[in-house]
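Quick note: the sequence shown uses our numbering, first residue 1, plus one each step.
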Amino acid sequence: MKKTKFILFILSFTLLLLNNLSAENYDQVDKISKNLRCLICQGQSIYDSQSDFALSMKTLIKKKINEGKNENEIYDFLKNKYGDWIVYDPEINKNTILLWAIPLILFVFGGILIIRKVSIK
């Protein structure tokens, strides 16, 4: 009787542990897929899209997580395969410096124009 209870306890504990790991994986898949752009559906993330591409990307992300890859390794893999455009939040590097600098330049230029207009009157 004690052996049966012990076995049931171990099975219950194992199922609970697997369920928690699965929930963590789904949370991580959701987090990563929210930051990836669907290449089929313009303006939608992988998380929001139901296209075949998005569904296959979610499966790929799950596979990479199960292989032990972390978030940055998954992003690097996808950027190498599809380019930096797939990520909604691109890194600052030589290819994206203008993307980050132009709004700042326009903001400073606009501020200078406003100050000049206000000081003329």
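Every residue, glycine too, gets a C-beta built ideally from N, C-alpha and C.
By the three-class DSSP mapping on this structure, what secondary structure does residue i have?
i	result
residue 55	helix
residue 49	coil
residue 21	Reliability of the predicted coordinates at residue 21 is poor, the pLDDT of 49 falling under 50, and the value obtained from them is presented with this limitation in mind. Three-state DSSP puts residue 21 in a helix.
residue 78	helix
residue 106	helix
residue 36	strand
Residues in its own chain within less than 7 Å of residue i by CB, not counting five upstream and five downstream?
i	result
residue 75	87
residue 53	38, 39 and 40
residue 100	92
Measuring straight from C-alpha to C-alpha, what distance separates residue i and residue j?
i	j	result
residue 68	residue 61	11 Å
residue 70	residue 58	15 Å
residue 50	residue 40	10 Å
residue 108	residue 89	23 Å
residue 117	residue 30	48 Å
residue 103	residue 91	16 Å
residue 77	residue 84	11 Å
residue 55	residue 111	45 Å
residue 119	residue 79	48 Å
residue 81	residue 94	19 Å
residue 32	residue 4	42 Å
Could you tell me how far apart the beta carbons of residue i and residue j are, in whole angstroms, since I believe they sit closer than 8 Å?
i	j	result
residue 34	residue 47	4 Å
residue 42	residue 65	Residue 42 to residue 65, Cβ: 27 Å. No contact.
Spatial neighbours of residue i within its chain, please: C-beta separation below 6 Å, excluding the five flanking residues on both sides.
i	result
residue 44	38
Does any CB atom of chain D fall closer than 9 Å to the CB of residue i?
i	result
residue 52	Checking the listed chains, one finds no chain D in this structure; it contains a single protein chain.
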